[in-house]
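>
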Amino acid sequence: MPKDTAPDFMDIAMAEARAAAARGEVPVGAVVVEAASGRVLARAGNETEAANDPTAHAEVLAIRRAAGSIGAPRLQDCDLYVTLEPCAMCAAAISHARVRRLYFGAYDAKGGGVEHGPRFFALPTCHHAPEVIGGLRETEAAALLKAFFQERR
-5 MPKDTAPDFM DIAMAEARAA AARGEVPVGA VVVEAASGRV LARAGNETEA ANDPTAHAEV
55 LAIRRAAGSI GAPRLQDCDL YVTLEPCAMC AAAISHARVR RLYFGAYDAK GGGVEHGPRF
115 FALPTCHHAP EVIGGLRETE AAALLKAFFQ ERR
């Protein structure tokens, strides 16, 4: 799938993030796309509060649903679009799922695990590192997060 189609999939991820915010969840959205066909396999927003599950991040949920959709634990021919730089937990899930390419929106200097923090994909113990493209619609994604947290202060 050519890189110039990425904003279409980020539209879906942003919609999931906005829906998460409306539910009182931290506004992060994710979508898994079959690279060759452009078919959306799964989409999710954060559900940590609703599920009382600290692992119910948008990325993890989308990966689980996509793997279930194709009936396989590996997503090597898939791309993941997410509105925020994944944390270390999500980066590990992305690696274990063998995601082909990761696109993300806002950088996360405090909780990120890809370009910040542990830089999971650069660790020698990381078995698979996807191609990473960060900063996709960064301003929009960051503004959504900032507005969400300002409302709660």
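Each residue of the sequence shown is one higher than the one before, starting from -5 at the first, in this note's numbering. Cβ coordinates follow ideal geometry from the N, Cα and C atoms, glycine included.
Can the beta-carbon of Phe114 be found less than 8 Å from the beta-carbon of Gly107?
The answer is yes: Cβ separation under 8 Å.
> Compare the beta carbon distance of Ala50 and Glu10 with 8 Å and say whether it is the shorter of the two.
Against a cut-off of 8 Å, the Cβ pair of Glu10 and Ala50 comes out as no contact.
> Could you compute how far the alpha carbon of Phe15 sits from the alpha carbon of Cys84?
Correcting the residue identity first, residue 15 is Ala in this sequence and not Phe. When rounded, the distance between both Cα atoms is 19 Å.
> Residues bridged to Ile127 by DSSP?
Answer by DSSP bridge pairing, in chain order: Tyr97.
> Check whether the Cβ atoms of Leu69 and Phe98 sit closer than 8 Å, and answer yes or no.
No, they are not a contact pair.
> Less than 8 Å between the beta carbons of Tyr75 and Val27, yes or no?
Taking 8 Å as the Cβ cut-off, Tyr75 and Val27 qualify as a contacting pair.
> If we call anything under 8 Å between Cβ atoms a contact, is Pro24 one with Glu53?
The sequence as given places Ala at residue 24; Pro does not occur at that position. Cβ distance < 8 Å, so Ala24 and Glu53 count as in contact.
> Could you give the distance in angstroms between the alpha-carbon of Pro124 and the alpha-carbon of Phe142?
Answer to the nearest angstrom: the Cα atoms are 30 Å apart.
> Along the chain, where does the beta strand (DSSP E) containing Val26 start, and where does it finish?
Taken as a continuous stretch (DSSP letters only), the beta strand (DSSP E) holding Val26 covers 23 to 28.
> How would you call Ala87, buried or exposed, if buried means at least 16 neighbouring beta carbons within 10 angstroms?
Result: buried.
> Quick one: using the 10 Å Cβ neighbour count with 16 as the cut-off for buried, is Ser89 buried or exposed?
Burial call: buried.
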